[in-house]
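This report refers to the structure that appears directly beneath it.
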Amino acid sequence: MLEDKRILLIISGGIAAYKSLELIRQLRKRGAWVTPVLTKSAEEFVTPLSVSALAEERVFQDLFDLTDEAEMGHIQLSRSADLIVVAPATGNLMAKMALGLANDLASTLLLATDTQVLVAPAMNVRMWENPATQRNIATLKADGVAFVGPNEGDMACGEFGLGRMSEPAEIVTAIEAQLAEGPLIGRRVIVTSGPTHEPIDPVRYIANRSSGAQGTAIARALSLLGADVVFVTGPADEPRPEGVHIVEVQTAQQMMDTVEKALPADAAVFAAAVADWRIDGASDSKIKKKPGALPSLNFAENPDILAYVSQLEHGRPKLVVGFAAETNDVIDNATAKRQRKKCDWIVANDVSPETGIMGGRDNTVVLISDDGAEHWPKMSKDDVARQLADRIAQALD
Ligand code: C5P
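According to the numbering used here, the sequence shown is numbered sequentially starting from 18.
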């Protein structure tokens, strides 16, 4: 699978750099070509000689090496790879990436590239948890940078926690996933996920119990088949999927605006539990509690994103998939919903509390299409996502 793939491996300065030697060995064993780039501080942890001996290639270190500029400029170096891997990625290098700084060879390559980037962070747990690092990670993820790890465990500094770089075998698996040549390569798919929050005032909102687990799994499964996924998510705790474009929204209206901007797309999967109503005239300041006087809330209807996209006259995605979370008459309600909204498929499920589906790991769904109702056995949400992604790939073929 990695035979003759070209990996540009950027090694930045952390104790985990020693694991990058093993990573190079495993990549070479699988037939991949590795072009190593060392930052200045990486040279404190591994020597250019050992890196180049394992990679069987010269090591690039300096932006201003004129011979390199004549032989291969940084632009070309950054774009000739199938994948750029940063392992280990220090907090400092990720901060530079998030800001678009280019003050050495590694950061310049990362700014100049149009190739997919996979990052394997490694740092002390406090540095990892620092809000600045988390902000940078969120920025990079939204830019489409893929992540592997970090893992939890003992650290070289004697502390315990998140921040250990993934093991070389895990990084190889993540590289293979990035380079997967799936049936959805070149296809753009929009996925909505999670609940929406509709403000009552600046501190209160209306929400629902959606965890975002199914939508997240679908985005991940589509991306693994090679799709270019735009993942539009409401506020959800579920860890974000890797390697997709993430747009975080709060309200149904924001979700609608984001979906409109993300069009055109080959397919759209609306897995979000969008609030049907918002508060008409939400208060700009906190509504004060007054003894004996209850506030009255007026509702306004939210835009129906699924119905809107399904009924677009121009630029409708070839395949539009909606969800129907029902507590009774699941098939009848979902079939009527499909006709009313004019989507191609409805993935229906029973979300009565006793099913444990909302917030749970498993799902039992019925796929409703022109061909009728197809009952899928109970399976994990990840498996539902994989099967659905396969079916989407077939439908777009
Ligand atoms: O009408 P109902 O909310 O049951 O429809 C569920 C389906 O419609 C889901 O696919 C959901 O993502 C989508 N939906 C939407 N915009 C809304 C309401 C629902 O896209 N305002």
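Virtual Cβ for every residue (Gly too), placed ideally from N, Cα, C.
Annotation for D349 indicates a beta carbon at 7 Å or more from all heavy atoms of the ligand C5P.
Sequence-distant Cβ neighbours of F77 in its own chain, meaning closer than 8 Å and more than five residues away, are T52, P53, V54, L55, D85, L94, L122.
Residues P200, L201, L242 of the same chain have their beta carbon placed closer than 6 Å to that of A410, with the five preceding and five following residues left out of the count. Bridge pairing for E343: D367 [DSSP]. In the DSSP assignment, K307 is bridged to A310. With a cutoff of 8 Å on beta-carbon distance, T209 and I322 are scored as near each other. One alpha carbon belongs to R47, the other to R295, and they sit about 54 Å apart. Relative to the non-hydrogen atoms of the ligand C5P, the Cβ of G339 comes within a distance shorter than 7 Å of at least one. Residue pairing by DSSP places Y222 opposite P216 in a beta bridge.
In the DSSP assignment, E318 forms a beta bridge with W294. Relative to the ligand C5P, N225 has its C-beta separated by 7 Å or more from all heavy atoms. Remark: three or more beta-carbon pairs, one from each stretch, lie closer than 8 Å, so the region 290-305 and the region 217-228 are flagged as touching. Using a 10 angstroms sphere on the CB of F287, the tally of other CB atoms reaches 16 or more, which defines it as buried. When only Cα atoms are considered, A365 and L38 end up about 49 Å apart. Judged by the Cβ position, F287 qualifies as a neighbour of the ligand C5P at the 7 Å threshold, a heavy atom of the ligand being closer than this. Per DSSP, the unbroken beta strand (DSSP E) holding L55 starts and ends at 50-55.
L336 is positioned such that its CB atom lies closer than 8 Å to that of A412.
For E169, the enclosing beta strand (DSSP E) covers residues 168-171. Within the same chain, K398, D399, A402 come within 6 Å of A234 by CB-CB distance, once the 5 residues on both sides are set aside. For E74, same chain residues with a beta-carbon under 8 Å away, outside a window of 5 residues either side, are W50, V51, T52, P53 in chain order. In this structure G229 does not touch A194 by the C-beta definition: roughly 21 Å separates them, more than the 8 Å allowed. In this structure T190 is exposed. Its beta-carbon is surrounded by fewer than 16 other beta-carbon atoms within 10 angstroms.
Nearest C-alpha to E259 among L239, R408, V276, V266: L239.
Counting the other CB atoms within 10 Å of its CB gives D349 a total below 16, which places it among the exposed residues. Going by DSSP, A284 is part of the beta strand (DSSP E) stretching over 284-287. The beta carbons of V206 and A284 sit closer together than 8 Å.
When secondary structure is reduced to three states using DSSP, H262 falls in the strand class.
Separation of the CB atoms of I92 and I27 is rounded to 15 Å, and the pair is thereby denied contact status at 8 Å. Taking the Cβ atoms as the reference, G170 lies roughly 13 Å from M140, outside the contact range of under 8 Å. With a cutoff of 8 Å on beta-carbon distance, L196 and D99 are scored as near each other. By a beta-carbon distance limit of 8 Å, A269 does not contact N345. Their separation comes to about 24 Å. When distances are taken from the beta-carbon of L196 to the heavy atoms of the ligand C5P, even the shortest one reaches 7 Å or more. Judged by the Cβ position, T209 qualifies as a neighbour of the ligand C5P at the 7 Å threshold, a heavy atom of the ligand being closer than this. The three-state reading of DSSP puts G180 in strand, counting E and B together.
Taking 7 Å as the cut-off, the C-beta of D121 does not count as close to any heavy atom of the ligand C5P.
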